[in-house]
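Numbers given in our numbering equal positions in the sequence shown, counted from 1, plus 10.
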Amino acid sequence: PVASVAMEGTKGAAASAPRRKAAAEERHVCYACKRRFPTASTLARHERDSNLHRRVMEKREDKMRKRKRDLVMACRGLRHQIIDVDEVLQSQASLSEFERSQRTVLEMQLQQVLGEYGQAQEFLEMARLNRQVKESGEEQPPKTREARVGKLQLSAGVACWQSNKDVQEDRYIIDIEFESPEGHTIAGVAVMDGHSGSLCVDYLVEHLGTNLSRCMSSKERLTDETLTAAVQEACAMTDEDFLKKARQTEDLDGSTLILALVYPQLEPPAGNASRTPGCCRLLVACVGDSRAVMCQAAGSETEVGGAQLMAVPLSDDHKPNREDEQRRVESRGGSVDFEGVWRGFIPGPCK
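Rendered as structure tokens:
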């Protein structure tokens, strides 16, 4: 069709005009209420102020919540069936082709239901986000970002689900970017899981990037060791600055942190001469039990032509019951106990 329009010249242009006009009109349609508006501003006003639109969206959310509950029950049923099939497979020496394929069919059905559950939850999350934007009047931070480090072009995206919790205490930063003493770009992302409130995670979002830049600028040059030291100093600085404020108001807010920084390899590391300058390195730091995982091609090709993928852990969970962490907590006047999960407690003044 593109070639035919170009060859037909003005005729093709004239024929495409009604389509362009229709497309322009469609951009100002509220599909939930099935109403068309002359301008984007009138559509935005309708979505913001109309009681009809609010009632329609509430009704759609109620239907989606019911749909989500049904999908949860379907997932449970399929998982029980898979367990039953596994027991049969383990107990029988010879199996028919039907019995062998039954588990594969159930797995496919489960993946389908899980996909539909994800779509339902995403709809509810977007509806919740739109309400928060209307109530606060503030724009949400961007969820995609691109950056260039050395020869590497980076793309980052984020997804947030509040799910059934009353509040969202998780935060993210996808625009971390600062320079090494030589002027090379260092870019990264971070995810924080707040607890007992959002004061700590909000403080991290506001100050962590600045503190990373400040600590890196005090180094002579960029190496694995100097960047590691800068990250440790920035985390300690941010932690101490927040605690000064929290102690004054007796706030108990806290947060985990998973941080990933991509930086250029300026010189070949010792014992690995195959890596040439211009390559990039990845530094991952964690506080608490937030986790980083890398999806890596395994090398061989699958039947559908794509590389086989495997998950590679990039962090070690920093949980209270780890021996080194438990010693640190207890040495500062705290204690570690199991309350649903392993937790750190402060029975007295914390040093």
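Quick reminder that beta carbons are idealized off the backbone N, C-alpha and C, glycines included.
The model shown is predicted, which means the values in this text are computed figures rather than measured ones.
Residues near residue i by beta carbon distance below 8 Å, same chain, minus five either side
i	result
M17	Only weak support exists for where M17 lies, its pLDDT of 22 falling under 50; the coordinates are left without a value.
Q131	K78, W171, S173
L120	C85, L88, R89, I92
S60	C43
Q102	E109
V339	P330, S345, V346, G354
L4	In the structure displayed, the chain extends from 11 to 361; residue 4 sits before or after that span and is not available.
V143	E149, Q150
V82	Y127
R177	Position check: residue 177 holds Val in this sequence, whereas Arg was assumed. So the list reads S208, once near-sequence residues are dropped.
E156	Q163, L164, S165, A166
Contacts around residue i, its chain only, beta-carbon distance under 7 Å, and the 5 residues preceding and following it disregarded
i	result
G198	I186, L269, A270, L271, V272
C305	L319, A321
A240	L222, C225, M226, K229
G167	K153, T154
D347	R353, F355
E4	Lying before the first or after the last residue shown, residue 4 is absent from the chain, which here runs from 11 to 361.
Beta-bridge pairing of residue i - partner residues as DSSP gives them
i	result
W352	F348
Y41	In DSSP, Y41 forms no bridge with anything.
P272	Note that residue 272 corresponds to Val in the displayed sequence, not to Pro. BP columns for V272 point to A197, L292.
V241	Paired residue(s): none; V241 is not in a bridge.
M202	R181
G264	H205
A307	L319
Q163	R158
R301	R301 pairs with nothing; no bridge assigned.
R46	V39
Residue i, enclosing alpha helix (DSSP H) - first and last residue
i	result
G128	107-146
Y213	209-227
D370	There is no way to answer for residue 370, as the model of the chain reaches only from 11 to 361.
Q172	Neither: Q172 is in no alpha helix (DSSP H) and is coded neither H nor E.
E340	333-341
R231	Here R231 belongs to no alpha helix (DSSP H), and DSSP marks it neither H nor E.
Between the CA atoms of residue j and residue i - distance to the nearest angstrom
i	j	result
V215	P274	24 Å
R64	T154	29 Å
V66	K73	11 Å
R55	A169	27 Å
F133	R141	13 Å
D94	Q258	57 Å
R46	Q100	60 Å
V211	R58	29 Å
K175	G128	16 Å
E179	S265	9 Å
K254	A244	15 Å
E335	S345	11 Å
L164	D251	31 Å
P48	H38	7 Å
E145	L139	10 Å
R181	K69	29 Å
I196	M202	20 Å
V123	T52	38 Å
E349	P330	12 Å
E97	R113	11 Å
T238	R231	12 Å
E117	E107	16 Å
E260	A308	50 Å
A34	T233	Because A34 sits at a pLDDT of 43, beneath the cut-off of 50, its placement in the model cannot be relied upon, and the point is left open.
A256	Q150	26 Å
E192	L276	10 Å
G204	G147	23 Å
R263	F188	Arg is not the amino acid found at residue 263; the sequence shown has Asp there. Distance between the alpha carbons of D263 and F188 is about 28 Å.
R158	S300	26 Å
C40	G125	26 Å
D80	C296	37 Å
L292	I183	17 Å
H217	A50	37 Å
A332	R342	According to the sequence shown, residue 332 is Arg rather than Ala. Approximately 16 Å, taken between the alpha carbons.
Y213	Q242	17 Å
K76	V115	26 Å
Host beta strand (DSSP E) of residue i (start-end)
i	result
D180	180-189
T154	154-159
Cβ neighbours of residue i in the same chain (closer than 6 Å, five flanking residues each side left out)
i	result
V351	none
S208	E179
N221	A244, M247, T248
V294	A270, A302, L324, S325
T236	K229
G219	I186
G400	Residue numbering for the chain in the displayed model covers 11 to 361; residue 400 lies beyond these limits and cannot be assessed.
Neighbour flag for residue i against chain B, beta carbons, 9 Å
i	result
A307	The structure shown has no chain B; it contains just one protein chain.
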